[in-house]
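Structure record follows, encoded as structure tokens.
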Amino acid sequence: MRMIDKPAAVRVTLTCAEGHVWRGGYETKEAFFSKDKHPCPECGARFIGARVHGVMGDRAA
């Protein structure tokens, strides 16, 4: 049986300029990096910090 390659996914935590923390689940790297361009849903400030907790499904690594 052939395994299907899934896009690499990361578990992330984003912090906005006001200190609000958003913890995300596993999602593709592209979706994670696009969040950096969107404002915080609580206060509208820009996300300034990002931490990657783990990578899942990255078969190249």
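Going left to right, the sequence shown walks through residues 21 to 81 as the numbering used here numbers them. A virtual CB, placed ideally from N, CA and C, is assigned to each residue, including glycine.
- As computed with DSSP, Cys36 is found in a beta bridge with Phe67.
- The alpha carbon of Ala37 has as its nearest neighbour, out of Pro61, Arg31, Ala65, the alpha carbon of Ala65.
- Gly44 has no beta-bridge partner at all, per DSSP.
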